[in-house]
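Accompanying notes for the structure given below.
Residue numbers (the working numbering), protein chains in the order written: chain C, 895 to 1086; chain A, 19 to 280.
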């Protein structure tokens, strides 16, 4: 039940894109088409889960024993960058189909702030390994949900007659703000 | 002391990752034909997919394997094909330049309407709402989605009908994909004849709603049997028979939907 609470809180109530406003660059960058937004979402789910597991291990078994908690930013960036490279090499050889499907999104994610944020937040919340995993899964699914919903709206907007001054990013920002307001409605659900 | 440990820990961590990556790069190495990279550098790099491959890299890999012809890149055309042929050590290849062709001949004043459409002025939107009020279920909607997507300024509306400029057209296929009614396709540059209709309606039905639609009378099939064939109430052309004289069919076609273009 506790794990479900963690997942749900990360998935909807503290949705990383619409409530926490992290990783907005990819939210606006690759949400113009449903296909690309789904590709990005799967890549994020994949990378976020693995990278938060590894950075949790790095923090608790390498940084904590040496009392070097303040180095976590540098250590996590190092870990995540190396990890994504490793995953890319592995997938290219072992699962070329998946590699081709994820395409450019996999290397792009190296610099996605959501990945780093989840590694930090899981430690700030003092989660054990399993809750940390559930938390990162929740965040990445929340990311995918917001991403795909937004892509559907934007595909519809591409057909709509939008006044010249609002075309492009202005209307996208307004839409995202309205979606964010809607997501605020989840606050307090299940007493979370 | 703390400075020393931080430097050591981060340094060792970085070293381990570097070693791991180096090992992995070696272990997961993919034997790629060195020619693939050279061919990729020559290609236009638009990843348009007009060649049928998933992108320029995919195309380069297929060429290196010998699965597709060196002249497969439509956007690059003859120049690129020649360079690729040099790399592959091939000679005596042929380049078939292709251009886009619009398979509808009904100008704005020839189209019959079943309703007046006042929605968003794009073909994609009009097609969603009952075909923009057009009576013909196959014909051109005339809002020019194809004109908007053309990166080469090679397609323009004339009387509500898109007309291609064969000199500028690179056969990238963007208009082919953009048309919601799929009435644009590619034809060989050196065979300037098209069937300007896409209607699969029965002849009698087509005759009622359009003065220039194919009514499947099969006269073209009788006149020039090598090229024309009526399939599913529509004349289709065999473009591999380049150079055949299609003049008899063009002259005899009762609705004049077989036309010379370019």
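By construction, the Cβ of each residue, glycine as well, lies at the ideal position given by its N, Cα and C atoms.
In this text, all values refer to a predicted model and were calculated from it rather than measured experimentally.
- Item | Minimum length 4: unbroken alpha helix (DSSP H) runs contained in the region 152 to 235 of chain A | 163 to 167, 192 to 196 and 221 to 227
- Message: Let me check you understand the geometry: is the CB of residue 926(C) closer than 6 Å to at least one non-hydrogen atom of the ligand COA?
- Response: No copy of the ligand COA appears in this structure; indeed no ligand is present at all.
- Message: Extract the residue ranges of the alpha helix (DSSP H) inside the region 41 to 71 of chain A, only unbroken runs of 4 or more that lie entirely within it.
- Response: Every alpha helix (DSSP H) stretch that sits fully inside the region 41 to 71 of chain A and reaches 4 residues is listed by chain position as 52 to 60.
- Message: Measuring straight from C-alpha to C-alpha, what distance separates residue 36(A) and residue 1001(C)?
- Response: For this step, residue 36(A) is matched to residue 18 along the second chain. For this step, residue 1001(C) is matched to residue 107 along the first chain. When rounded, the distance between both Cα atoms is 17 Å.
- chain A beta carbons: is any one of them nearer than 7 Å to that of residue 1058(C)? The residue given as residue 1058(C) occupies position 164 in the first chain. It does not; no Cβ of chain A falls within 7 Å.
- Message: Let's see if you can read the secondary structure: which residues bound the alpha helix (DSSP H) around residue 81(A)?
- Response: Looking up residue 81(A) in the second chain gives position 63. Note, residue 81(A): alpha helix (DSSP H), 74 to 83.
- Rounded to whole angstroms, what's the CA-CA distance from residue 926(C) to residue 1049(C)? Just pull it up for me. Taking the first residue of the first chain as position 1, residue 926(C) is located at position 32. Taking the first residue of the first chain as position 1, residue 1049(C) is located at position 155. Their backbone Cα atoms lie some 6 Å apart in a straight line.
- Do you know offhand how far residue 1010(C)'s Cα is from residue 195(A)'s? Looking up residue 1010(C) in the first chain gives position 116. Looking up residue 195(A) in the second chain gives position 177. Going by the C-alpha atoms only, they are around 39 Å apart.
- Query: Any idea which residues DSSP pairs residue 116(A) with across the strands?
  - Reply: Residue 116(A) sits at position 98 when you count from the first residue of the second chain. According to DSSP, which records beta bridges pairwise, residue 116(A) is partnered with 206(A).
- Item | Neighbouring residues, chain A, relative to residue 960(C) (Cβ below 7 Å) | Position 66 of the first chain, counting from 1, holds the residue named residue 960(C). Neighbours of residue 960(C) in chain A, taken as residues whose beta carbon is under 7 Å from its own, are 23 and 27 in chain order.
- Item | Under 7 Å by beta carbon: chain A residues contacting residue 986(C) | Here residue 986(C) refers to the residue found at position 92 of the first chain. Result: 46 and 48.
- Compute the Euclidean distance between the alpha carbons of residue 137(A) and residue 104(A), then round it to the nearest angstrom. For the purposes of this step, residue 137(A) is identified with residue 119 of the second chain, where counting begins at 1. For the purposes of this step, residue 104(A) is identified with residue 86 of the second chain, where counting begins at 1. The alpha-carbon atoms of residue 137(A) and residue 104(A) are separated by roughly 53 Å.
- With distances taken Cα to Cα, identify the nearest neighbour of residue 44(A) among 939(C), 972(C), 986(C) and 1047(C). In the second chain, residue 44(A) corresponds to position 26, counting from 1. Among 939(C), 972(C), 986(C) and 1047(C), the Cα nearest to that of residue 44(A) belongs to 986(C).
- Item | Close Cβ partners of residue 134(A) (< 7 Å) along its chain, the five nearest in sequence each way excluded | In the second chain, counting from the first residue as 1, residue 134(A) sits at position 116. Answer for residue 134(A): 151, listed in chain order.
- Message: Whole angstroms are fine: how far does the CA of residue 60(A) sit from the CA of residue 97(A)?
- Response: Against the second chain, residue 97(A) aligns to sequence position 79. Against the second chain, residue 60(A) aligns to sequence position 42. Those two C-alpha atoms are separated by around 10 Å.
- Task: Determine the burial state of residue 89(A): buried for a count of at least 16 other Cβ atoms within 10 Å of its Cβ, exposed for fewer.
- Result: In the second chain, the residue the question calls residue 89(A) occupies position 71. Buried, since its Cβ has 16 or more Cβ neighbours within 10 Å.
- Item | Beta-bridge pairing of residue 131(A) - partner residues as DSSP gives them | Stepping through the second chain from its first residue, residue 131(A) is reached at position 113. Its beta-bridge partners are 152(A).
- Validate contact between the region 1040 to 1054 of chain C and the region 943 to 958 of chain C using beta carbons, cut 8 Å, 3 pairs: no
- Identified DSSP bridge partners for residue 252(A): Here residue 252(A) corresponds to residue number 234 of the second chain, with the count starting at 1. For residue 252(A), which the question treats as bridged, DSSP gives the partners 249(A).
- Task: Out of 260(A), 192(A), 243(A) and 259(A), point me to the one whose CA is closest to residue 253(A)'s CA.
- Result: Counting from 1 along the second chain, the entry for residue 253(A) is found at position 235. Nearest option by C-alpha distance: 243(A).
- Task: Using a Cβ cut-off of 8 Å, pull out every chain A residue sitting near residue 1061(C), in sequence order please.
- Result: Taking the first chain and counting its residues from 1, one reaches residue 1061(C) at position 167. Among the residues of chain A, none has a CB under 8 Å from the CB of residue 1061(C); the nearest is roughly 14 Å distant.
- Query: Cα-Cα, which of 58(A), 238(A) and 100(A) is closest to residue 272(A)?
  - Reply: Stepping through the second chain from its first residue, residue 272(A) is reached at position 254. The residue with the shortest Cα to Cα distance from residue 272(A) is 238(A).
- Message: Within a Cβ cutoff of 7 Å, which residues of the same chain sit near residue 143(A), ignoring the five residues on either side of it in sequence?
- Response: Position 125 of the second chain holds residue 143(A). 137.
- Message: Here's the rule I'm using: 16 or more other beta-carbon atoms within 10 Å means buried, otherwise exposed. How should residue 981(C) be labelled?
- Response: To locate residue 981(C), count along the first chain from 1; it is residue 87. Answer is buried; the Cβ neighbour count reaches 16.
- Query: First and last residue of the alpha helix (DSSP H) that includes residue 1050(C)?
  - Reply: Translated into positions along the first chain, residue 1050(C) becomes position 156. Residue 1050(C) -> alpha helix (DSSP H) spans 1023 to 1051.
- Determine contact between the region 1032 to 1041 of chain C and the region 929 to 944 of chain C, defined as no fewer than three beta-carbon pairs at a distance below 8 Å. yes
- Task: Starting from residue 914(C), trace the beta strand (DSSP E) both ways and give me its first and last residue.
- Result: By one-based count along the first chain, residue 914(C) stands at place 20. Counting along the chain, residue 914(C) falls outside any beta strand (DSSP E), and DSSP gives it neither H nor E.
- Query: What residues from chain A crowd round residue 1002(C), counting only those whose CB sits closer than 9 Å?
  - Reply: Residue 1002(C) sits at position 108 when you count from the first residue of the first chain. Residues of chain A passing the Cβ test: none, with the nearest at roughly 16 Å.
- Could you round the C-beta distance between residue 115(A) and residue 94(A) to whole angstroms and report it? I think they count as a contact, below 8 Å. Taking the second chain and counting its residues from 1, one reaches residue 115(A) at position 97. Taking the second chain and counting its residues from 1, one reaches residue 94(A) at position 76. Going by Cβ atoms, the distance from residue 115(A) to residue 94(A) rounds to 11 Å, so no, they are not a contact pair.
- State buried or exposed for residue 52(A), treating a residue as buried only when at least 16 other CB atoms are found within 10 Å of its CB. Here residue 52(A) refers to the residue found at position 34 when the second chain is read from its first residue. With fewer than 16 Cβ atoms within 10 Å of its Cβ, residue 52(A) is classed as exposed.
- Look at the Cβ atom of residue 969(C), then the Cβ atom of residue 1004(C), and state whether they are nearer than 7 Å. Residue 969(C) sits at position 75 when you count from the first residue of the first chain. Residue 1004(C) sits at position 110 when you count from the first residue of the first chain. No, the Cβ-Cβ distance between residue 969(C) and residue 1004(C) is not below 7 Å.
- Item | Minimum Cβ-Cβ distance from residue 253(A) to chain C less than 7 Å | Locating residue 253(A) in the second chain gives position 235, counting from the first residue. Judged by the 7 Å Cβ criterion, residue 253(A) is not in contact with chain C.
- Please list the residues of the region 962 to 980 of chain C that have a C-beta atom closer than 9 Å to any C-beta atom in chain A, keeping them in chain order. Of all residues in the region 962 to 980 of chain C, only 962, 964, 965, 968, 969, 972, 973, 975, 976, 977, 979 and 980 place a beta-carbon less than 9 Å from a beta-carbon of chain A.
- Could you tell me whether any Cβ in chain C is nearer than 7 Å to the Cβ of residue 147(A)? Taking the second chain and counting its residues from 1, one reaches residue 147(A) at position 129. Residue contact with chain C for residue 147(A): absent (no Cβ-Cβ distance below 7 Å to any residue of chain C).
- Task: Identify the contact partners of residue 956(C) in chain A, using a Cβ-Cβ distance below 8 Å as the criterion.
- Result: Taking the first residue of the first chain as position 1, residue 956(C) is located at position 62. 27 and 31, listed in chain order.
- Query: Does residue 1053(C) get closer than 7 Å to chain A when you measure Cβ to Cβ?
  - Reply: The residue you call residue 1053(C) lines up with position 159 of the first chain. For residue 1053(C), the answer is yes, since a Cβ of chain A falls inside 7 Å of its Cβ.
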